[in-house]
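Residue numbers (the working numbering): 1 to 95. Quick reminder that beta carbons are idealized off the backbone N, C-alpha and C, glycines included. Remember, it's a predicted structure, so these values are computed and weren't measured experimentally. Since the structure comes first, as structure tokens, the remarks are kept for the end.
Below, the structure is given as structure tokens:
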């Protein structure tokens, strides 16, 4: 079966980045976003493959000026299904 990768995103309040419960909610939202993207592309997320990265404006070299709230949670997932081999999460984009 073909496999690939996709990103999902969630945006939040940087003042709450140390609140574990709040961050967990953003991670859930980012995973849901990745799952919706996978579904739209006709593939499915491999359960348990999610990896989360949190970026905030004050501790990142990434330009976040255009990010709503300036706290970004990215979820990278593996996907499988027809055409999944052509899907690659690279940089900030799903290609």
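query                                                                                     : result
Identity of the residue in 19, 29, 71, 55 nearest residue 8 by Cα                         : 29
Assumed close pair residue 46, residue 77 - CB separation to whole angstroms, cut-off 8 Å : 7 Å
Helix, strand or coil at residue 74 [DSSP, three-state]                                   : strand
Beta-carbon proximity check, residue 56 vs residue 17, cutoff 8 Å                         : yes
Straight-line gap, residue 87 to residue 13 (C-alpha atoms, nearest Å)                    : 30 Å
Bridge-paired residues (DSSP) for residue 54                                              : 73
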